[in-house]
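**Student:**
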Amino acid sequence: MGTNGLRRARVPILLLLGMGGFLFVSYGYGPEERALPVLVAWATIAFLVLEILVQTGTPIGRRLEMLIQGREAQFDSEHAPIGRALIHAVVWPGLLVGLTLMIGMLPASFLYVCLSLKVVGGKPWPRALATAVAVTAFAWLLFEWGLSYRLYSGVLLEVLAG
Amino acid sequence: MTDALIQAVAYLFTLQSLSYLALGTGIGLLFGAVPGLGGTTALALLIPLTFGMDPDAAIVLVGGIMGGVPFGGSLSAILLNTPGAAPNAATCFDGYPLARQGKAGAAIGAAATASALGGLIGVAFMLAVIPIAKAIVLLFGPPEFFMLAVLGLSAIAVSTGGKLLRGLISGGFGLMLAFVGFDEVGGGLRYTAGVEYLWDGVQLVPALIGLFAIAEMIQLSTVGGRVAIGSSTERLSHVFDGVKHVFGNLSTLLRGSAIGAFVGAVPGIGGTVASFLSYSTARQLSKDPESFGQGNIQGVIASEAANNAKDGGSLIPTLAFGIPGSAEMAVFLGVLVLHGLEPGPRLLLDHEDLIYGLIMALSLACVMASVAGLLLARYLVLITRTDVRYLAPIVTSVALIGAYALQSNFGDVIAAAMFGVIGYLMVRYDYPRITLVIALVLGSIAERSYHQSLMMSDGSYTIFFTRPVADTLLALIIVSLALPALKLVTRKLTGSGHGH
Amino acid sequence: MRRLTTKALGAFGIMLLSMTVASAQFPEDDIDVIIPYAAGGGFDSYVRGVLPIMQKYLPNDVNLIPRNMPGAGGRKGATAIYRARPDGYTIGAFNLPGLMLPEILGERVAYDLTKVTWLGRLSEDQYLLVASGSSGITSIEHLRALGRPVKFTATGAGSSAHAASVIAARMLGLDASVITGYQGSQAYILAVVRGDGDVALGASNSIGSYLDTGDLRVIASLERESSFPDAQTPAELGLPDLSRLSLQRMLGAPPNLDAEARAVLVDALAQALADDDLKSWSESVGLPYAPLSAEAARENFANQRALYEEFKDFL
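Chains as they are written, first to last, in our numbering: chain A, 1 to 162; chain B, 1 to 500; chain C, 1 to 315.
#1: Determine the DSSP secondary structure at M250 (chain C), reduced to helix, strand or coil.
#2: Using a beta-carbon distance below 8 Å, is Y112 (chain A) in contact with chain B?
#3: Use the C-beta contact count for G343 (chain C): other C-beta atoms within 10 angstroms, 16 or more gives buried, fewer gives exposed.
#4: Give the range of the beta strand (DSSP E) segment to which W118 (chain C) is assigned.
#5: Please check if any C-beta of chain B sits within less than 8 Å of the C-beta of R170 (chain C).
#6: Using 8 Å as the Cβ pair cut-off and three pairs as the minimum, do the segment 415–426 of chain B and the segment 133–144 of chain B touch?
#7: Could one say the Cβ of L236 (chain B) lies closer than 8 Å to chain C's Cβ atoms, at least one of them?
#8: To the nearest angstrom, how far is the alpha carbon of Q7 (chain B) from that of T25 (chain B)?
#9: Closer than 8 Å, Cβ to Cβ, to anything on chain A: give me those residues from the segment 387–398 of chain B, in chain order.
#10: Could you pull out every residue in the same chain whose Cβ sits closer than 8 Å to the Cβ of V62 (chain C), ignoring the five residues on either side in sequence?
#11: Examine chain A for any beta-carbon lying closer than 8 Å to the beta-carbon of L5 (chain B), and answer yes or no.
#12: Would you call the segment 361–379 of chain B and the segment 108–123 of chain B touching, i.e. three or more CB-CB distances under 8 Å?
#13: Report the three-state DSSP secondary structure of A274 (chain C) (helix, strand or coil).
#14: Quick check on L250 (chain B): buried or exposed, where buried means 16 or more other Cβ atoms within 10 Å of its Cβ?
#15: With DSSP collapsed to three states, give me the class of A73 (chain A).
#16: Identify each residue in the segment 44–73 of chain B for which the Cβ-Cβ distance to at least one residue of chain A is less than 7 Å, and report them in chain order.
#17: Quick check: V218 (chain C) and L143 (chain C), are their CB atoms within less than 8 Å of each other?
#18: Looking at the strands, I want to know which residues DSSP matches up with T90 (chain C).
#19: By alpha-carbon positions, which one of C:Y89, C:M100, C:G41 and C:A110 ends up nearest to F301 (chain C)?
#20: Can you pull the chain A neighbours of S221 (chain B), defined as C-beta to C-beta under 8 Å?
#21: So is R83 (chain C) in contact with chain B if we call contact Cβ pairs under 8 Å?
#22: Counting only beta-carbon atoms, is D458 (chain B) nearer than 8 Å to chain A?
#23: Shorter than 8 Å from the beta carbon of M176 (chain B) to some beta carbon of chain C?
#24: Please confirm if E196 (chain B) has its CB atom under 8 Å from at least one CB of chain A.
#25: How about L358 (chain B): is its C-beta nearer than 8 Å to some C-beta of chain C?
#26: Quick one: what's got a C-beta closer than 8 Å to I47 (chain B)'s C-beta in the same chain, skipping five residues either side?
#27: Between the segment 86–97 of chain C and the segment 234–253 of chain C, are three or more C-beta pairs nearer than 8 Å?
#28: Would you mind listing the alpha helix (DSSP H) stretches within the segment 310–364 of chain B that are 4+ residues and don't spill past its ends, in chain order?
#29: Using a beta-carbon distance below 8 Å, is M147 (chain B) in contact with chain C?
#30: So, is K123 (chain A) buried or exposed, given that buried needs 16 or more other C-beta atoms within 10 angstroms?
#31: By a C-beta neighbour count over all protein chains shown, 10 Å radius and 16 as the cutoff for buried, is E72 (chain A) buried or exposed?
#32: Should T90 (chain C) be flagged as near chain B, meaning a C-beta pair shorter than 8 Å?
#33: To the nearest angstrom, how far is the alpha carbon of R502 (chain B) from that of G52 (chain B)?
#34: Going by the CB atoms, is the gap between V199 (chain C) and A145 (chain C) shorter than 8 Å?
#35: Based on DSSP bridge pairs, tell me the residues matched to A220 (chain C).
#36: Along the chain, where does the beta strand (DSSP E) containing F152 (chain C) start, and where does it finish?
Written out as structure tokens, the structure reads:
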């Protein structure tokens, strides 16, 4: 199968490990509590093994693919390099969640929209600020004013208030 | 019956109730469209407001909300690949690809028309079924619920196109997530890893927000540009193309509405299963199943018709038995109780006029929401032309606020962000997200009814095979799984025939 | 350094002083009422019904603001009430025995109901034992003579309805099993109509309409005074303890509640529960209140706790 095949099968292999862990934990519960989880875990493991066979491109895998899905295996399409993707997937949302936790929802949204537009979007400051003000105002109007929700106000405020 | 009906119509067309209806529809559209809000939140927030109203007015307002929410959710499903609620997710399948192709207007047009007509058919179905409502509801016990949940899962797995295997894998992981939390049958905690947030299990709405709204924004951010690819500048006429498509596909519309109304009447799972079952039926019966998921407008019509028709259906168990079909219906029940209307077999007899008022309000709201959608369509499609660098931070922050607003729980915000990463990875490595979502919806119902069935039968599995309705559902499961294989065999036979 | 300490002490003294002044005027601000269940449920309706009336009897024209905090079967909201500052600005509603059961069954919970400051009871739903109208079961004797375990239907394991079913079966000397996991009282009552199980314990307001249609039949009443003249009562069955099984909704506040705030809140609640507006509203919507004073509510809690402690090995 070669390294290329292994590379393509890395996702199902990782998932297989995860599902194995779930199965292991499941056997720690009583027979009734684990009945369906164990059934589901074994079935999923079977599907994952098939998927690994398909992805590694072995002859058995190809035949399987034709049998199950009626066409040749499609290999992962290309995407943005993982490094850049991670910045968008983890760093920015993480920043928003972290800011929210610290300073509360509305200030965090304001800072996030503003920073994101400036840094990622490369927009001029006035436009970034104006958009951030508009978004924060919309959120405030809809939730705090219109629906009298108390949006999360952040850990810092609680600490300061004692 | 006719007296009560006339009375209801007469009341509905007064200035007061029309303005309540418009208000309700507007709120419904807005709450349906903002990811994370939805009908449950809208109704829960309005409960105190309806306190001082007389029952007729309250019911008209509530009917407006319930009529507006599904279509609001479809708008964000089409424009941003963000279903407002689980039943809207089927609309993403083909609605969002259409938006990517620059045909959001046509998709909205088709969705609006199919919603309005589907809603009306659903209401008509409900009126027709009221006399035998009790018999229908009594047919579905735990074994039938279990089969229906399995049918929902299998119908969705086969509708993921050429990714059956990965669809099943996603479904397995979705079920795994559904098992997390408090086990209602056994009464213990499972798979919570000591995290208190997980006691209630993995929450559906933050998961939806993450898997769709946030994941889509991440995906768009990494590639840049805008939702609508290609330079096609869309004219308003495309909206009416969408409208025309619905009338060109009347059988899809009717089938979708019938499935929606009927399956919607089954409490608990109805709504979500209905729109997916309708979608996968349309795909299975199509001459060109491969085009589904690539932006086939029939997919939008089928899921939208069922999505709105289900409301008429799901009123049956809610009103006649006080058993809410969904979280939204549970809150609606609260509104009824607060106004002295006790749900149960007698409600339909004792308060006929109110019930007809509700039904009329619901149907009129469906139409109003769709008309509003058609009028707004030309402005809404601008969203798909907005630079992603503006769209992503705005949608992300509003979506996270929506996730928080649901239960005022910061854990939901973290969950939504984590599901955003999971959703992005699923897009990147081409695993269908939808089977995961449906498994999450159906997992606990499937497990609960599985155990209940075995408790009923003292542990014997024959209970799943000896009840007529369960058997019928089992047959449908087998057909839904076998149909793609059968099609393949026939195609191979004819294909090889050409080859020689 | 010493000057600083004196200053700090002085400031502390002023703070203390201002706090006593503040509590003399309780309440100065709106009061949050935590409802540990979702908006729109029966529990929610009882609490929301009484709040606007209780508000009338509070000094200083402040509002009582209902805040639904559903989650973990009510544990989340109960914990939030328990952990709140005992200044009277956060109170909440409790479900008995629902919120007491996890504690009794040995689950580690973050609240201790024995320390909660009870403000009064809102309501009590007593149970009726019902069977399907088409089942042929008409009496307790019938159930004893079935020759197989009697199947009850109920909500999840560890819920009030489940505990009540198990305890009632033991008191009645029935060999019983419980089909659990139904979503709410309407669902498990319907399950009996459908024939999933033989019998269920239901509150009279959740079964009323099925009795008229003949879908359900009352076999026995667990009420102190039966609302069904034909049904056997706990007294007739020689089992008066059966009537201690019920579903109650109480208002409470964090432990060690400020005495001034407690007096104001208890008084306002008592006046609200005796108010004619509440009575007529409660009648018009069919949600009967069963008020108990703060003192009686405390005794009632102890009584309930003793009952479920006694049977905890069977739950």
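We put the beta carbon where it would ideally sit given N, CA and C, even for glycine.
Predicted model, so just to flag it, every value in this text is computed and none were measured.
**Tutor:** According to the structure data:
#1: Residue 250 (chain C) sits at position 250 when you count from the first residue of the third sequence. In this structure, M250 (chain C) counts as strand in the three-state DSSP scheme.
#2: Position 112 of the first sequence, counted from the start, is the residue given in the question as residue 112 (chain A). By this cut-off, Y112 (chain A) is an interface position.
#3: The shown model of chain C, from 1 to 315, leaves out residue 343 (chain C), and the question about it has no answer.
#4: If you number the third sequence from 1, residue 118 (chain C) lands on position 118. Bounds of the beta strand (DSSP E) holding W118 (chain C) are T117 to S132.
#5: Stepping through the third sequence from its first residue, residue 170 (chain C) is reached at position 170. No, R170 (chain C) lies away from the interface with chain B (no Cβ there is under 8 Å from its Cβ).
#6: Put simply, the segment 415–426 of chain B does not touch the segment 133–144 of chain B. Fewer than three CB pairs are less than 8 Å apart.
#7: Position 236 of the second sequence, counted from the first residue, corresponds to residue 236 (chain B). Because L236 (chain B) sits at a pLDDT of 48, beneath the cut-off of 50, its placement in the model cannot be relied upon, and the following sentence gives the value as read from the coordinates. With 8 Å as the cut-off, L236 (chain B) does not count as an interface residue toward chain C.
#8: Looking up residue 7 (chain B) in the second sequence gives position 7. Looking up residue 25 (chain B) in the second sequence gives position 25. Between Q7 (chain B) and T25 (chain B), the C-alpha separation is close to 22 Å.
#9: Sequence-ordered contacts of the segment 387–398 of chain B with chain A read D387, R389, Y390, A392, P393, I394, T396, S397 and V398 [C-beta pairs closer than 8 Å].
#10: Counted from its first residue, the third sequence places residue 62 (chain C) at position 62. Around V62 (chain C): P27, E28, D29, D30, I31 and Q55.
#11: Translated into the one-based positions of the second sequence, residue 5 (chain B) becomes position 5. No - not a single Cβ of chain A is within 8 Å of the one on L5 (chain B).
#12: yes
#13: Your numbering for residue 274 (chain C) matches position 274 in the third sequence. It is coil, neither helix nor strand.
#14: Locating residue 250 (chain B) in the second sequence gives position 250, counting from the first residue. Under the 10 Å beta carbon count, L250 (chain B) is surrounded by fewer than 16 other beta carbons and is classified as exposed.
#15: Looking up residue 73 (chain A) in the first sequence gives position 73. Summary for A73 (chain A): the model assigns pLDDT 45, below 50, so the residue's position carries little reliability; its value from the coordinates is reported in the next sentence. Coil, per DSSP.
#16: L45
#17: Here residue 218 (chain C) is taken as the residue at index 218 of the third sequence, counted from 1. Here residue 143 (chain C) is taken as the residue at index 143 of the third sequence, counted from 1. In this structure, L143 (chain C) does not lie closer than 8 Å to V218 (chain C) by Cβ.
#18: Reading the third sequence from its first residue, position 90 is the one you call residue 90 (chain C). DSSP output for T90 (chain C) lists C:D32 as bridge partner(s).
#19: Locating residue 301 (chain C) in the third sequence gives position 301, counting from the first residue. Checking every option, the nearest Cα to that of F301 (chain C) belongs to C:M100.
#20: The sequence position of residue 221 (chain B) within the second sequence is 221, counting from 1. In chain order: H88, W92 and V120.
#21: Reading the third sequence from its first residue, position 83 is the one you call residue 83 (chain C). So no, R83 (chain C) is outside the interface.
#22: As a first step, residue 458 (chain B) must be located in the second sequence, where it is residue number 458. So no, D458 (chain B) is outside the interface.
#23: As a first step, residue 176 (chain B) is located in the second sequence; it is residue number 176 there, counting from the start. Output row for M176 (chain B): interface = no.
#24: Numbered from its first residue, the second sequence carries residue 196 (chain B) at position 196. No - not a single Cβ of chain A is within 8 Å of the one on E196 (chain B).
#25: Within the second sequence, numbered from 1, the residue matching residue 358 (chain B) stands at position 358. Taking Cβ atoms only, chain C never reaches closer than 8 Å to L358 (chain B), which makes this a no.
#26: On the second sequence, residue 47 (chain B) is found 47 positions in, with the first residue counted as 1. Excluding residues within five positions, the ones whose Cβ falls inside 8 Å are V331, G334, V335 and L338.
#27: yes
#28: 327–338 and 347–350
#29: Locating residue 147 (chain B) in the second sequence gives position 147, counting from the first residue. Closer than 8 Å: no.
#30: To locate residue 123 (chain A), count along the first sequence from 1; it is residue 123. Buried: at least 16 other Cβ atoms inside 10 Å.
#31: The count along the first sequence starts at 1 and reaches residue 72 (chain A) at position 72. Reliability of the predicted coordinates at E72 (chain A) is poor, the pLDDT of 47 falling under 50, and the value obtained from them is presented with this limitation in mind. E72 (chain A) should be labelled exposed.
#32: In the third sequence, residue 90 (chain C) corresponds to position 90, counting from 1. So, not an interface residue.
#33: Since the first residue of chain B shown is 1 and the last is 500, residue 502 (chain B) is not available in this structure.
#34: As a first step, residue 145 (chain C) is located in the third sequence; it is residue number 145 there, counting from the start. As a first step, residue 199 (chain C) is located in the third sequence; it is residue number 199 there, counting from the start. The answer is no: Cβ separation not under 8 Å.
#35: Along the third sequence, read from residue 1 onward, the residue named residue 220 (chain C) stands at position 220. For A220 (chain C), the pairing in a beta bridge is given by DSSP as C:L129 and C:Q232.
#36: What you label residue 152 (chain C) is simply residue 152 of the third sequence in a count that begins at 1. Looking at the DSSP string, the run of the beta strand (DSSP E) that includes F152 (chain C) is V150 to T153.
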